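Here the structure is laid out as structure tokens; the discussion comes afterwards.
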Amino acid sequence: FFFQAEDGIRDYKVTGVQTCALPIWLRCVDLQTDALNCGACGRPCIVGQQCTAGRCVYPTPANDLCTAATDINLASGPRITLSATTLGATHNMNSPCDAPGGGDVFFRFVLTRRELVYADTFGATWDTKLFFVNSTCTTPLTAQVAGDLVCDDNLGAACTTGGTASQVFTVLSPGTYYLVLSSGVSAGATSIRFEHLPVGTGLTLALARATNAVRLGSTAGTSGGLSQSCGGSGPEVAFWWVTCPEQAAGTFSASTCSRATWNTLLSVVNGSGVGNVCVNDSCGLQSSVSTTIAAGSGAHALMLDGFNNGTDAVSGSYSLLYTRP
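Each residue of the sequence shown is one higher than the last, beginning at -9 in the numbering used here.
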């Protein structure tokens, strides 16, 4: 097309661009790249999108591929908040639960000891999926211990709130692993709550909700060595559980008083760090703990350990009395 210059002397022919503002000689834009006029005059991209080849698209996330996974710094604490988005992500790995999933992004973490590992997307307003993947980032994990959940589409451990958010948790040995956030029927941005708690090398047992319940067992012949905050280097058993968003704050208690013949120690640890407590010898050589578990979702563990004072036995049979709200 032609337009007349302001000086009125000559007409100019314009090719390869289009004018999207008046007066016409003041602005020329490239409809292939202009975010305010993407593909056509007056067609702006929404916040967060860019104009590519005349289409409004989200930029590809930095951790779209496993080879560019975001590293999770476990040294920063037992609870870590991760920022994530699947907007603009491509599909690289099928979800082992429910449908294969859409765009996905990757997070990498390295365990130097055996730990209870937990993640959730509660608060997300779109359909998320979470799952754990092996060290080569090629195969999703299968169940590692009784009661765990290594892949989840909606509502995790039978939660009643959380919509289409996800919750995963398991016990993993030392090594490299990946956490994958995948889109379901929609994509979006969200925070991921990631938690990890050391559980030692002994038994790991899921702890059900109960009031004044009894668990029987023995630490004899099992390995140990994980020291709690108030000591303990004998064989340990880790009783673990997770909570949901609707969980109210409540009192947790446990006791081995008159329920063991060896030097027991009890320690409660939480991903939030709230309510942690460690007690040794509150009733002779045995122990009793009581603490408030904070409201909301997260990972928790009760460690039953043996306290080594150089003279008393540090392992044996036990009868654990507990209340888990």
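Every residue gets a Cβ at the ideal spot worked out from N, C-alpha and C, and that includes glycine. In this text, all values refer to a predicted model and were calculated from it rather than measured experimentally.
If you look at Trp252, you'll find it isn't in any beta strand (DSSP E); DSSP assigns it neither H nor E.
Fewer than three Cβ pairs drawn from the stretch 210 to 223 and the stretch 106 to 115 lie within less than 8 Å of each other, which leaves the two stretches out of contact.
Here the alpha carbon of Lys119 sits roughly 28 Å from the alpha carbon of Arg314. According to DSSP, residue pairing for Cys268 in a beta bridge involves Ser257. If the five residues before and after Asn124 are omitted, its C-beta is found closer than 8 Å to the C-beta atoms of Pro130, Leu131, Tyr167 and Tyr168, all from its own chain and listed in chain order. In the structure shown, Leu131 falls within a coil segment according to DSSP collapsed to helix, strand and coil. Annotated three-state conformation of Cys56 is helix, per DSSP.
Three or more Cβ pairs drawn from the stretch 227 to 237 and the stretch 275 to 293 lie within less than 8 Å of each other, which places the two stretches in contact.
Annotation for Arg69: Arg183, Phe184, Glu185, Gly261, Ser262, Gly263 and Gly288 place their beta carbon closer than 8 Å to its own, counting only its chain and skipping 5 residues before and after. Within a 10 Å sphere around the beta-carbon of Arg45 sit fewer than 16 other beta-carbons, which makes this residue exposed. In the DSSP assignment, Pro188 is bridged to Glu105.
Sequence-distant Cβ neighbours of Ala136 in its own chain, meaning closer than 7 Å and more than five residues away, are Ala196. For Ser278, the CB contacts under 6 Å within the same chain, skipping 5 residues up- and downstream, are Ser245, Cys247 and Ser272 in chain order.
In this chain, the beta strand (DSSP E) harbouring Tyr168 covers Gly165 to Ser173.
Contact between Asp117 and Val175 holds, with the beta-carbon distance rounding to 5 Å and staying under 8 Å.
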